[in-house]
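Scroll down for the structure; my scribbles are underneath it.
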Amino acid sequence: MKKSRFRLFRSIGICVAAALLLAVSALSAGIQQAQAEAVWWPEGSDSAADSRAVWVYYSKEFDVNYNTDQKALDAVTDMRNKNIDVIIASVTYADMLGLSNASAARTARLQLMIDQAKSYGMAVYIGYWEDAWIADNTQVNRYTMVDHVIAFNNQNGSHADVVGVVTDYEMNCKTVEVDGVKQTDCSSRAKDKYEAWRLFHHNLKNRIGSNLLKLLVTVPDPDTFIRSCVDCDASWLANNGITTANGGTTYTGDVAYFSSYAGARFADALVGMYYRANAALIKSAAHDDVVESNAMTKPVPIVVGFSAGHNTTTDPTLTTVQAVLDTVQAIEDERAAYPKVVLGTMAWRWDKPETPEGEYRDLMPSTPPGANIPIHYYAAEDTYVRSGAYANTNYGSEAQLEIKDAPNTTGGADVDRIAYVKVNAGAYPGTSVTSAKLHFFVGTAVSDSAVPYVPVTVQGLTADSWSEQTVTWSTRPSSSGATTLGTVQVAGAGWYTVDVTAYVNAQMTDKTLTFRLSDDATKDRLVRVWSREYGMNEPYVSFNE
């Protein structure tokens, strides 16, 4: 991502995130066939928000939790009683060897679980992945594993909607132990290995054909993945759609290289958003990955997942309830900012098989099924105006909205700045909302020892005819009849929210909203709010019907 950071222990969980992404995406978009130009969910919506999923490590738990038909049925019933919508059964190489044999006890019992879940209206997905991919001839033999998955999916009227084949990104990497901690060493990566890896994906895609099976490419750190190539020259990078941006950091400008479809500019998925670390590192890494995914030519949907519990003595997972809640909230804030990228947030436990309910006892619930899901309307126009010598200057194309007010004795006549945000909610079908909030993102901390915070006042205006490309201080919207909606104390960088329910309901005639953001306390500190031109974290209003 943008900076070199700790190595997250993610490889074990890649299959989980991939299968979860597949499940939630398919639920929200009704995917029926593998297609190059994937459609994951309705444009502008976040319909995956009401899904709750549970990961079942079917292979490891089979001999303990599902070794009788009744145990398998009871497990599904228990999940239903906990309002689980999706069951993700993660199978391994050994399982796949028997998946095409309907008489195999494990296979039959897995089918039993699928049928039971379907009778409750729950979805079941099966994920298989290649762990620690090695570019050699033995990998070719594993192509046949795809055939076993397809056969299982088709046999006896199986109700497993989609089977996900996930191939790991690790190529010719070695597991080394440093201070008692196992780490992956990929220093031997070379361009020919990348080409072989890509060929493997295309061969899998061709083997799948039109079957109801999706191929997910798992690349936890796209830029790190490429940077670790020892001989990938600029020409090779350019030919594979890999560009340089973000201050010189390599990232995937589009996803042609990572797509499982030749020439496609929209990968089936970019997966890897699974983390096991402490709260601060998880939040930092998740933010970087979300921003990178959003920077793709077409945003690639992801699911952010993280471990909440204990895995091993060397795995610094989140172990307190507050740490989990704080991390969920941080990622949910990202979800609000990038609703077309982040499909959901999920935490689960990595307990041992002998703890029967471990995998879903501490699942963090998203919005329960049938709940009121917020509708987001993003800024249609935003700008700021500046006083004094700049009174006739337009700032409509700026990436940040500036807010500042200073006493006239300090030259305030030239430095005063007021921000304006216009939101068009004309697509909203209702005539009122139960709640509405304005969200805006401050990119830089503004507090210091003299001024601990800047009180930013938000007003709702009735004057909506201004244009971001022409408005200036001299022609700014009238504040006559303005409604003061609230004041927020802006100190650090991050999201700030103001309740605007009454104002929104009063504007339901034309459903055009204009917000004025100002520092009426003359704190003489510059507040920078990211605008829609910034490309991310733009202002928006959330409605609850």
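For the sequence shown, this note's numbering gives the first residue as 581, with consecutive numbering after it. Think of the CB as a built atom: it goes at the ideal place given N, C-alpha and C, for glycine as much as any other residue.
Notebook entry, point to check: Apart from the five residues on each side of it in sequence, which residues of its chain come closer than 7 Å, Cβ to Cβ, to Ala-969?
Noted result: Working through the sequence shown from its first residue, we reach residue 969 at position 389. Hits under 7 Å: Asp-994.
Checklist line | Proximal residues to Leu-1093 (C-beta, below 6 Å), its chain only, five neighbours per side dropped | finding: The count along the sequence shown starts at 1 and reaches residue 1093 at position 513. So the list reads Val-1003 and Gln-1087, once near-sequence residues are dropped.
Notebook entry, point to check: Under the rule that 16 or more other beta-carbon atoms within 10 Å means buried, what is Ser-1122, buried or exposed?
Noted result: Taking the first residue of the sequence shown as position 1, residue 1122 is located at position 542. By the neighbour-count rule (16 or more Cβ atoms within 10 Å), Ser-1122 is buried.
Check: Nearest CA to the CA of Arg-1056: which residue from Gln-1069, Thr-1024 and Leu-1097?
Finding: Locating residue 1056 in the sequence shown gives position 476, where the first residue counts as 1. Looking at the Cα atoms, Leu-1097 is the closest of the given residues.
Notebook entry, point to check: For Ala-999 versus Val-1109, is the C-beta distance shorter than 8 Å?
Noted result: Looking up residue 999 in the sequence shown gives position 419. Looking up residue 1109 in the sequence shown gives position 529. The answer is yes: Cβ separation under 8 Å.
Next item on the list: Tell me where the alpha helix (DSSP H) around Asn-1085 begins and ends.
Entry: Mapped onto the sequence shown, residue 1085 falls at position 505. Run containing Asn-1085: 1081 to 1086, per the alpha helix (DSSP H) assignment.
Checklist line | Residues near Lys-771 in its chain [Cβ-Cβ closer than 7 Å; skip 5 each side] | finding: Along the sequence shown, one-based indexing puts residue 771 at 191. Excluding sequence neighbours, Lys-771 sits near Cys-809, Asp-811, Cys-812 and Trp-816.
Next item on the list: Quick one: residues in its chain with C-beta nearer than 7 Å to the C-beta of Thr-1037, no 5 flanking neighbours on either side, listed in chain order?
Entry: As a working mapping, residue 1037 is identified with position 457 in the sequence shown. Correct list, in chain order: Thr-1064, Thr-1067, Ser-1098 and Asp-1100.
Next item on the list: Could you have a look at Ala-999 and say whether DSSP puts it in helix, strand or coil?
Entry: Your numbering for residue 999 matches position 419 in the sequence shown. Note: Ala-999 maps to strand in three-state DSSP.
Item checked: Where Glu-978 falls: helix, strand or coil (DSSP) -> Position 398 of the sequence shown holds residue 978. Looking at Glu-978 - three-state DSSP - the assignment turns out to be coil, as it is neither helix nor strand.
Margin query: With distance defined between alpha-carbon atoms, name the residue in Phe-1095, Thr-1089 and Thr-657 nearest to Gly-1010.
Written below: In the sequence shown, residue 1010 corresponds to position 430, counting from 1. Measuring from the Cα of Gly-1010, the nearest candidate turns out to be Thr-1089.
Next item on the list: For Thr-657, count neighbouring Cβ atoms within 10 angstroms of its own Cβ and tell me buried if that reaches 16, exposed if not.
Entry: Start at 1 with the first residue of the sequence shown, and residue 657 comes out as number 77. Exposed, by the Cβ-count rule.
Item checked: DSSP-derived helix/strand/coil call for Gln-650 -> Reading the sequence shown from its first residue, position 70 is the one you call residue 650. Correct three-state label for Gln-650: helix.
Margin query: I'd like to check one pair, Asp-985 with Pro-1119: are the Cβ atoms closer than 8 Å?
Written below: Numbered from 1 along the sequence shown, position 539 holds the residue referred to as residue 1119. Numbered from 1 along the sequence shown, position 405 holds the residue referred to as residue 985. No, they are not a contact pair.
Check: Going by the CB atoms, is the gap between Ile-983 and Arg-966 shorter than 8 Å?
Finding: What you label residue 966 is simply residue 386 of the sequence shown in a count that begins at 1. What you label residue 983 is simply residue 403 of the sequence shown in a count that begins at 1. Against a cut-off of 8 Å, the Cβ pair of Ile-983 and Arg-966 comes out as no contact.
Item checked: Buried or exposed (CB count within 10 angstroms, at least 16 for buried), Val-758 -> The residue labelled residue 758 in the question sits at position 178 within the sequence shown. Exposed, by the Cβ-count rule.
Check: Near Lys-660, what residues of its chain come up, given a Cβ to Cβ distance below 8 Å and the 5 sequence neighbours on each side ignored?
Finding: Along the sequence shown, read from residue 1 onward, the residue named residue 660 stands at position 80. Note on residue identity: the sequence assigns Arg, not Lys, to residue 660. The residues are Ala-697, Tyr-700 and Met-702.
Margin query: Determine whether the beta carbon atoms of Arg-1105 and Val-1022 lie at a separation below 8 Å.
Written below: Taking the sequence shown and counting its residues from 1, one reaches residue 1105 at position 525. Taking the sequence shown and counting its residues from 1, one reaches residue 1022 at position 442. No, the pair does not count as a contact, with Cβ atoms beyond the cut-off.
Check: Taking DSSP as the reference, what is the three-state secondary structure of Glu-1048?
Finding: Position 468 of the sequence shown, counted from the first residue, corresponds to residue 1048. Here Glu-1048 sits in coil by DSSP.
Check: Taking Cβ to Cβ, would you say Phe-1095 is nearer than 8 Å to Gly-1040?
Finding: Reading the sequence shown from its first residue, position 515 is the one you call residue 1095. Reading the sequence shown from its first residue, position 460 is the one you call residue 1040. The answer is yes: Cβ separation under 8 Å.
Check: Buried or exposed: which applies to Gln-691, given that a residue is buried once 16 or more other Cβ atoms fall within 10 Å of its Cβ?
Finding: Sequence index remark: in the sequence shown, residue 691 carries index 111 (1-based). With 16 or more other Cβ atoms within 10 Å, it is buried.
Next item on the list: For Gly-976, count neighbouring Cβ atoms within 10 angstroms of its own Cβ and tell me buried if that reaches 16, exposed if not.
Entry: The sequence position of residue 976 within the sequence shown is 396, counting from 1. Answer is buried; the Cβ neighbour count reaches 16.
Item checked: Boundaries of the beta strand (DSSP E) in which Asn-1117 is found, first to last residue -> Taking the sequence shown and counting its residues from 1, one reaches residue 1117 at position 537. First-last for Asn-1117: undefined, no H or E at that position.
Next item on the list: Thinking Thr-1081 and Ala-1016 are a contact (beta carbons under 8 Å), I'd like their distance in whole angstroms, please.
Entry: As a working note, residue 1081 is residue 501 in the sequence shown. As a working note, residue 1016 is residue 436 in the sequence shown. The pair is a contact, with the Cβ atoms about 5 Å apart (cut-off 8 Å).
Notebook entry, point to check: Which term fits Ala-652, buried or exposed, when burial requires 16 or more other beta carbons within 10 angstroms of its beta carbon?
Noted result: By one-based count along the sequence shown, residue 652 stands at place 72. Answer is buried; the Cβ neighbour count reaches 16.
Next item on the list: Using the Cα positions of Ser-1058 and Thr-1042, report the straight-line distance between them to the nearest angstrom.
Entry: Along the sequence shown, read from residue 1 onward, the residue named residue 1058 stands at position 478. Along the sequence shown, read from residue 1 onward, the residue named residue 1042 stands at position 462. Answer to the nearest angstrom: the Cα atoms are 8 Å apart.
Note to self: Which residues does DSSP list as the beta-bridge partners of Ala-1016?
What the structure shows: Here residue 1016 corresponds to residue number 436 of the sequence shown, with the count starting at 1. Paired residue(s): Phe-1123.
Check: How would you label Ser-1029, buried or exposed, when you count the other beta carbons within 10 angstroms and need 16 or more for buried?
Finding: Locating residue 1029 in the sequence shown gives position 449, where the first residue counts as 1. Counting Cβ neighbours within 10 Å, Ser-1029 comes out exposed, since fewer than 16 surround it.
Next item on the list: Identify the continuous beta strand (DSSP E) that holds Gly-1066 and give its terminal residues.
Entry: Locating residue 1066 in the sequence shown gives position 486, counting from the first residue. Segment 1063 to 1070, the beta strand (DSSP E) holding Gly-1066.
Notebook entry, point to check: Given that a residue counts as buried once 16 or more other Cβ atoms are within 10 Å of its Cβ, and exposed if not, what is Leu-943?
Noted result: For this step, residue 943 is matched to residue 363 along the sequence shown. Model confidence at Leu-943 stands at a pLDDT of 35, short of 50, so the residue's coordinates are unreliable; what they give is reported in the following sentence. Buried is the call here.
Next item on the list: Give the straight-line distance between the Cα atoms of Arg-1112 and Val-1013, rounded to the nearest whole angstrom.
Entry: Counting from 1 along the sequence shown, the entry for residue 1112 is found at position 532. Counting from 1 along the sequence shown, the entry for residue 1013 is found at position 433. Cα to Cα, the separation comes out at about 24 Å.
Margin query: Going by beta-carbon coordinates alone, are Ser-1054 and Ala-971 separated by less than 8 Å?
Written below: Residue 1054 sits at position 474 when you count from the first residue of the sequence shown. Residue 971 sits at position 391 when you count from the first residue of the sequence shown. For Ser-1054 and Ala-971, yes; Cβs fall inside 8 Å.
Check: Quick one: Cα of Asp-1079 to Cα of Thr-648, how far?
Finding: Translated into positions along the sequence shown, residue 1079 becomes position 499. Translated into positions along the sequence shown, residue 648 becomes position 68. Whole-angstrom Cα-Cα distance: 53 Å.
Item checked: Sequence-distant residues of its chain with Cβ nearer than 7 Å to Tyr-1114 (five each side left out) -> Position 534 of the sequence shown, counted from the start, is the residue given in the question as residue 1114. These residues qualify, in order along the chain: Ala-979 and Gln-980.
Checklist line | Cross-strand partners of Pro-1032 (DSSP beta bridge) | finding: Residue 1032 sits at position 452 when you count from the first residue of the sequence shown. Beta-bridge pairing links Pro-1032 to no other residue.
Notebook entry, point to check: Does the beta-carbon of Gly-1072 have 16 or more other beta-carbons within 10 angstroms, so that it is buried, or is it exposed?
Noted result: The residue labelled residue 1072 in the question sits at position 492 within the sequence shown. It is exposed - the Cβ of Gly-1072 has fewer than 16 other Cβ atoms within 10 Å.
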